[in-house]
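Working notes, structure below.
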Amino acid sequence: MKYSDLGLVNTNDIFADALIRGYAVPAFNIYNMETLLAVLNAARITHSPIILAVSESALKYMGADMLMGMIRGAKIKPSDKIALHLDHGGSFDACKHAIKIGFSSVMIDASKLPFEENVELSKQVADFAHQHNVSVEAELGTLSGIEDENTFGTQSSYTNPSDVEKFVAATNIDSLAIAIGTSHGAYKRKRDDEELRFDILADIATRLPKFPLVLHGASNIPQKLISVINEYGGKISGARGIDEHQLRRATKMNVCKINVDSDLRLGFTAATRRALATNPENFNPREFLKPSIETMTQICIDEIRNIMGSDNKVA
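With the working numbering applied, the sequence shown has no gaps in its numbers, which climb one by one up to 411 at the end.
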């Protein structure tokens with residue numbers, strides 16, 4: 097399946113404009129019909145390019161046929177500037193499979209391997225992907241935190257700016273995920289005053305001018321969602337996200353893609369808990385899932401406008 101037959105574009109087609117105009121394209125993780133609808137609704141309301149990010153575990157959960165069936169049903173057009181991206185592909189085979197079924201972008205995450213092995217695997221994926229006009233993201237540095245069984249780490253290491261030029265040249269990748277203090281999951285910071293390492297980002301941006309950089313683990317973790325979850329029976333404490341002003345600052349420094357997953361999970365959970373608790377007689381999933389879609393749509397709209405700056409960037 098060619099991704100162009102589904103109306104998708106690769107990320108090269110949307111990062112070029114983001115670099116010029118100083119905004120980031122949001123990569124929202126999806127894992128069912130509800131998350132897909134919410135992200136697409138927000139993109140169309142705000143006229144924003146978007147990346148539909150799907151992890152290996154989410155792909156396994158939905159099944160390739162079901163996911164691609166939903167993508168076909170979404171009636172996406174090239175003018176919508178929407179990419180379908182494999183998030184944290186852990187192997188060449190995982191990336192190859194995603195390309196074969198119609199993904200327009202893949203991430204090969206070999207960041208936990210020694211530098212030369214990371215280069216070798218990333219180049220192998222890039223060589224194959226470029227034969228199919230699919231864009232490739234790789235990562236230098238590691239993030240801590242847990243998102244799912246394919247995305248976890250107990251230690252973090254900042255990206256070494258002195259490595260980035262050699263890595264990009266040797267691999268021929270299209271974008272680079274860097275580690276400057278973000279982390280996976282809902283527990284990204286211990287204190288509210290923690291800042292990202294903008295000195296590292298500035299150094300990397302200087303060494304790689306006009307090259308797309310990516311931030312993973314960059315959810316904002318709105319505290320109002322935490323409050324709703326806990327009010328209706330949840331038990332989440334100490335969750336902190338990345339300050340929206342810091343993320344907006346990063347978009348002015350060659351960060352063209354910001355990944356968001358936890359915010360949608362929290363929104364889905366908060367809205368579902370509240371709907372079930374306030375209407376305990378209801379057992380119709382359509383009735384308690386509709387508020388979840390609406391809540392996630394609003395989260396995406398808010399972050400597109402206030403963090404990414406990508407609203408009204410689709411003609």
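Note that CB positions come from ideal geometry on N, CA and C, so glycine has one too.
Predicted model, so just to flag it, every value in this text is computed and none were measured.
**Request:** Find the nearest neighbour of serine 406 within the set Val351, His193 and Leu385, judged by alpha-carbon distance.
**Result:** Considering only alpha carbons, the answer is Val351.
**Message:** Closest to asparagine 125 by C-alpha separation, out of Thr374, Ser153, Cys396 and Val356, would be which residue?
**Reply:** Val356
**Asked** Just how far apart, CA to CA, sit alanine 367 and leucine 360?
**Response** 11 angstroms
**Asked** Going by DSSP, what residues sit across from lysine 156 in a beta bridge?
**Response** DSSP lists no partner for lysine 156.
**Residues near isoleucine 400 in its chain [Cβ-Cβ closer than 7 angstroms; skip 5 each side]** = Only Pro122, Ala138, Thr142, Ser144, Ser406 and Asp407 meet the Cβ criterion.
**Prompt:** Should asparagine 375 be labelled buried (16 or more other beta-carbon atoms within 10 Å of its own) or exposed?
**Reply:** Classification for asparagine 375: exposed.
**Request:** Note the first and the last residue of the continuous beta strand (DSSP E) segment covering leucine 360.
**Result:** Premise fails: leucine 360 lies in the alpha helix (DSSP H), 358-374, not in any beta strand (DSSP E).
**Prompt:** Considering only C-alpha positions, which residue in the set Ile167, Ser231 and Ser358 is nearest to isoleucine 195?
**Reply:** Ser231
**Item:** Local conformation of threonine 247 per DSSP, three classes
**Value:** Residue placement at threonine 247 cannot be trusted, given a pLDDT of 47 that sits under 50; the coordinates are not used to answer.
**Request:** Output yes or no for whether 7 angstroms exceeds the beta carbon distance between arginine 303 and valine 260.
**Result:** yes
**Message:** Classify glycine 277: buried if its beta carbon has 16 or more other beta carbons within 10 angstroms, exposed otherwise.
**Reply:** buried
**Three-state class that DSSP yields for glycine 103 in the structure shown** = The three-state reading of DSSP puts glycine 103 in coil, since its state is none of H, G, I, E or B.
**Message:** I need the straight-line Cα distance from glutamate 243 to asparagine 378, nearest angstrom please.
**Reply:** Residue placement at glutamate 243 cannot be trusted, given a pLDDT of 48 that sits under 50; what the coordinates show is reported in the next sentence. About 31 angstroms.
**Request:** Quick one: using the 10 Å Cβ neighbour count with 16 as the cut-off for buried, is lysine 284 buried or exposed?
**Result:** Below a pLDDT of 50, predicted positions are generally treated as unreliable, and lysine 284, at 47, falls in that range; the measurement from the model is reported next regardless. The residue is buried, with at least 16 neighbouring Cβ atoms inside 10 Å.
**Request:** Helix, strand or coil for phenylalanine 199, going by three-state DSSP, please let me know.
**Result:** coil
**Asked** What does DSSP give as the partner residues of valine 121 in its beta bridges?
**Response** Lys353
**Item:** Beta-carbon proximity check, arginine 344 vs isoleucine 403, cutoff 7 angstroms
**Value:** yes
**Item:** Residue environment, leucine 209, which counts as buried when at least 16 other CB atoms sit within 10 Å
**Value:** exposed
**Prompt:** Can you pull the DSSP bridge partners for threonine 267?
**Reply:** Beta-bridge pairing links threonine 267 to no other residue.
**Prompt:** Which parts of the segment 159-234 are runs of the alpha helix (DSSP H), unbroken and 4 residues or longer, counting only runs that do not cross its ends?
**Reply:** 160-169, 188-197 and 211-227
**Request:** Identify, in the order they occur along the chain, each residue of the same chain with its Cβ nearer than 6 angstroms to the Cβ of leucine 297, setting aside the five sequence neighbours on each side.
**Result:** Ile276 and Met349
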